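Trainee: Heads up: the protein sequence lines correspond to chains A and B, in order.
Residue numbering for the first sequence follows the numbering used here, beginning at 94 and increasing consecutively.
Residue numbering for the second sequence follows the numbering used here, beginning at 94 and increasing consecutively.
Glycine residues also receive a C-beta, built at the ideal position from the N, C-alpha and C atoms.
Keep in mind it's a predicted model, so treat the numbers as computed, not measured.
Structure below; questions to follow.
2 protein chains.
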Amino acid sequence: MAQRPSIPKGTRDFSPEEMAKRNYIFNTIRDVYHLYGFQQIETPSMEMLSTLMGKYGDEGDKLLFKIQNSGDYFSGLTDEELLSRNAAKLASKFCEKGLRYDLTVPFARYVVMHRDEISFPFKRYQIQPVWRADRPQKGRYREFYQCDADVVGSDSLLNEVELMQIVDTVFTRFGIRVCIKINNRKILTGIAEIIGEADKIVDITVAIDKLDKIGLDNVNAELRAKGISDEAIEKLQPIILLSGTNDEKLQTLKTVLAESETGMKGVEETDFILSTLKSLQIKNELELDLTLARGLNYYTGAIFEVKALDVQIGSITGGGRYDNLTGVFGLPGVSGVGISFGADRIFDVLNQLNLYPKDAVNGTTLLFINFGQAETTFSLQLLAKVRAAGIRAEVFPDAAKMKKQMSYANAKKIPFVALVGETEMQEGKLTLKNMETGDQSLLSVEEAIGVIKG
Amino acid sequence: MAQRPSIPKGTRDFSPEEMAKRNYIFNTIRDVYHLYGFQQIETPSMEMLSTLMGKYGDEGDKLLFKIQNSGDYFSGLTDEELLSRNAAKLASKFCEKGLRYDLTVPFARYVVMHRDEISFPFKRYQIQPVWRADRPQKGRYREFYQCDADVVGSDSLLNEVELMQIVDTVFTRFGIRVCIKINNRKILTGIAEIIGEADKIVDITVAIDKLDKIGLDNVNAELRAKGISDEAIEKLQPIILLSGTNDEKLQTLKTVLAESETGMKGVEETDFILSTLKSLQIKNELELDLTLARGLNYYTGAIFEVKALDVQIGSITGGGRYDNLTGVFGLPGVSGVGISFGADRIFDVLNQLNLYPKDAVNGTTLLFINFGQAETTFSLQLLAKVRAAGIRAEVFPDAAKMKKQMSYANAKKIPFVALVGETEMQEGKLTLKNMETGDQSLLSVEEAIGVIKG
């Protein structure tokens, strides 16, 4: 007896309904990317391990899915090596390929390999799965999609502005109210410079982030516990207490960071991005948030993060500017800025807020009931006309009991059913039933198309 | 110095232009699948090896990409096992997961696992990559997409009819003229029954296929060489020489196969499929072709294959009816019928015949030239209106030399360029340049939208 099959832990099957919802998400993002002149690329699922290893830290290397070499992968291994049973070390002998871990490293590899074909600035987007051998848990999968857009080969802040316009447009189309949080690595560097504690950026942002919860005294105590001097903590006070509008915050920062060239550059950049976005009347909230410290070992300028306002969930989109994307592959000087939509979390938010448009999720619009061969032969002609009008339609393939056919229509949430029996055949018509209201009427196929479409 | 990176052999990067073409192909197929009530599913890239192994023959098992287990995969292996260096045997200890080899086995696994959620008949389609560790060669890749549609849980021949309508509609939309070849496994079984040579079906179809090239005498000689008796060869003559219209062929077969119940069933089924398709006035050629013998150890009824008429290339779509899709996973009695479009070959055919519609392949429609910050700030407002009208547009992010910006427009094949300088800003307008004709005119943004759209 065959065993009931299963799928690898941390992976998922997607049902028709889930796929319709996911396609709605991907298509919305894709349409907006196109509207802004981004072009899609795809890279292979497998990359050489030499491309992937060492790019995500030691922890990341461990999370790579490695693909066993074909053929005799034992050749060249000594008995000693084998008997050492050193899994980590021997993996590199057994495997030369791995599944991609993100879309950024393959993109960097792509830019280097195809630099002669690319016209820079290169505005590319990529929507593909990535794989991580992470411990699976709620909301964390071993295979999941990323939806990245990056502009490389341009230092212009217009790219930051456009990416935030994209974020604003995408979430407006979804109907999800969000707060777009913006920070700048240079501001954080400036703060560290001013207080003379360059290596404490993360401690500082973590402590500031707790202000609402634990109060100023406790924040200061925490900073002190992290080894930050009283003098530095004193200088940090206006930054910890930073509040008001974005303009007010920028004013304060201009005062506090006046002595730091890097810090002032960060303020200026942020000012440009925020004021330009304001002039473009974007629909969602924009907030300068100094506690935003994602990707600090990676981002060099603007840092973005998007939070949904009406649902308790982590960041649903993020990104930032980086220097030297491709240096590790021998092509220095390619900087860029990018964003990544978190499709799985957006899926959850749309579900929780019940925001999927009906026609995005529905499949078939019209089902012809099957009363037997003569009726079906006649129905096929009508069906061809209905489909030519762009209506998704099908005929139940078997002359099954009415009840079975109707429950098929219900299960697939098909809104209209066509009944074609002897009367209808004689008149060259069909009886159209609205599955929601229960209304039935005898119509020509053209009339039926009108009803369904209108 | 970093090494110039590469990608695993047999895999590909897809450039923006290639992706646009591929999306055109997938979207066309997807739209038609939807029109016929098919619903998309996706399955994980990785399946348990226990799901995959033994389903594709010994040769297939060798072509599976296996994924190395995480952690200590040496545990439980004796010194003897390790030193045996038996790659094939030890692979199963090192690996429990593999990349999917096709979409059929994962689909069967899906049906079994989700049978309680599915309303049968289940019309599913799936467009995902598959992986095979085959020796790469021209047109054969280690990662490639399949585009399958299947109906399971219905024996009705209407499913065969609809799948052929789908094939007809898809290739009509592509503008590719094709011949849809149909055969039936039951006819082939009937032929073998009649001549008493049940195991010689393949030899017979191969020999018949050579009639045009080598002539009747040589075909008969080849059959004799394959050990087929003179009496059987005598009986085969009307089948080898089968010609004329589909109706004429069916008439001949009805005579020849009169004694074989299975054969007559095959004739009847084929008659129904062909005559129903004829009544639906499908646009492409339909041909009953007895030499069609694909998937003989798999298909049990209709067999399909599609050939392009204007390009020398193998089959570009195929499929057929099968019994017992899911028996191997412990769920007997699920039969079905399916087709699979060969996306890579369709890509080549569309390229060779230059059939891609212009707007399917083009990206950005309008580029705003960047003359500096004041002009760009103004342009961003116009840009927002242009995009709101659904036009794909971008601004060159840097105030680079005109020549560089223009060659960017040319490289991306952008048909319109907007020039916004002092005059335009004063008048609140833009100068629209048609990149093909070179025509320029000063227009309001609304006028420009009209010109671009119309």
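#1: Could you work out which residues of chain B lie near C188(A), taking near to mean beta carbons separated by less than 8 Å?
#2: Give me whichever residues DSSP pairs with K526(A) in a beta bridge.
#3: Is the distance from the Cβ of F131(A) to the Cβ of A226(A) below 7 Å?
#4: Looking at the secondary structure, which residues open and close the beta strand (DSSP E) in which S433(B) lies?
#5: Please state whether DSSP places G420(B) in a helix, a strand or coil.
#6: Apart from the five residues just before and just after R266(B), which ones in its own chain have a Cβ nearer than 6 Å to its Cβ?
#7: Are at least three pairs of beta-carbons, each pair with one atom in the region 272-286 of chain A and one in the region 349-364 of chain A, less than 8 Å apart?
#8: Mind checking if I545(B) is an interface residue toward chain A, Cβ cutoff 7 Å exclusive?
#9: Any residues in the region 402-427 of chain A with a beta carbon nearer than 7 Å to a beta carbon of chain B? Which ones, in chain order?
#10: If I measure Cβ to Cβ from I542(A) and keep anything under 7 Å in the same chain, skipping five residues before and after, which residues do I get?
#11: Comparing the C-beta of A180(A) with each C-beta of chain B, is any distance below 7 Å?
#12: At 9 Å on the CB atoms, spell out the chain A contacts of F464(B), in chain order.
#13: Report all residues from its chain with a CB closer than 6 Å to the CB of G103(B); omit the five preceding and five following residues, and keep chain order.
#14: Specify, as a first and last residue, the run of the alpha helix (DSSP H) that R387(B) falls within.
#15: With a Cβ-Cβ cutoff of 7 Å, do R208(B) and I134(B) count as a contact?
#16: Can you list the residues of chain B that N527(A) reaches, using a CB-CB cut of under 9 Å?
#17: At 8 Å on the CB atoms, spell out the chain B contacts of D172(A), in chain order.
#18: For V488(A), go through chain B and note every residue whose CB falls closer than 7 Å to its CB, in chain order.
#19: Among G191(A), D165(A), L443(A), which has the Cα closest to the Cα of R115(A)?
#20: For the region 279-335 of chain A, list the beta strand (DSSP E) runs that are entirely contained and at least 3 residues long, ordered along the chain.
#21: Taking a contact to mean a Cβ-Cβ separation below 7 Å, would you say N252(B) touches V430(B) in this structure?
#22: Can the beta-carbon of P101(B) be found less than 7 Å from the beta-carbon of M139(A)?
#23: Counting along the chain, where does the beta strand (DSSP E) carrying I493(A) start and finish?
#24: Determine the chain A residues that contact L196(B) at a beta-carbon separation under 9 Å, and present them in chain order.
#25: Measure the beta-carbon distance from V254(A) to I396(A) and round it to whole angstroms, keeping in mind my assumption that it falls under 8 Å.
#26: For K182(B), name the three-state secondary structure that DSSP assigns.
#27: Taking the beta carbon of I409(A) as the centre, do at least 16 other beta carbons fall within 10 Å, making it buried, or is it exposed?
#28: Helix, strand or coil: how does DSSP classify P101(B) here?
#29: Is it a yes or a no for the region 444-454 of chain B touching the region 414-429 of chain B, going by three-plus beta-carbon pairs under 8 Å?
#30: Counting only Cβ-Cβ distances shorter than 9 Å, please list the residues of the region 127-161 of chain B near chain A, keeping chain order.
#31: Quick check on M499(B) - is its C-beta less than 7 Å from some C-beta in chain A?
#32: Could you check what DSSP says for N277(A) in three-state terms: helix, strand or coil?
#33: Quick check: what's the CA-CA separation for D74(B) versus L157(B)?
#34: What residue from E290(B), T171(B), N503(B) has the CA that sits closest to E327(B)'s CA?
#35: Are S212(A) and Y501(B) touching if we call contact CB-CB under 7 Å?
#36: Give the interface partners of P214(B) over in chain A, defined as CB-CB distance under 7 Å, in chain order.
Mentor: Quick look at the numbers:
#1: Q161
#2: V510(A), Q533(A)
#3: no
#4: 429-434
#5: helix
#6: T121
#7: yes
#8: no
#9: V421, F422, G423
#10: V479, A482, I484
#11: yes
#12: Chain A residues near F464(B): none, gap ~13 Å exceeds 9 Å.
#13: P229, Y234, R235
#14: That residue, R387(B), is in no alpha helix (DSSP H); it is neither H nor E in DSSP.
#15: no
#16: Those do not exist, as N527(A) stays about 18 Å from chain B at its closest Cβ, beyond 9 Å.
#17: L176
#18: L251
#19: L443(A)
#20: none
#21: yes
#22: yes
#23: According to the sequence shown, residue 493(A) is Ala rather than Ile. That residue, A493(A), is in no beta strand (DSSP E); it is neither H nor E in DSSP.
#24: By Cβ distance, chain A contributes nothing, its closest Cβ being about 13 Å from L196(B), past 9 Å.
#25: That belief does not hold up - the Cβ atoms of V254(A) and I396(A) are roughly 15 Å apart, past 8 Å.
#26: helix
#27: buried
#28: coil
#29: no
#30: H127, L128, Y129, G130, F131, Q132, Q133, I134, E135, T136, P137, S138, M139, E140, M141, S143, T144, K155, L156, F158, K159, I160, Q161
#31: no
#32: strand
#33: With chain B represented from 94 up to 547, any question about residue 74(B) goes unanswered, as that position is not in the structure.
#34: E290(B)
#35: yes
#36: P490
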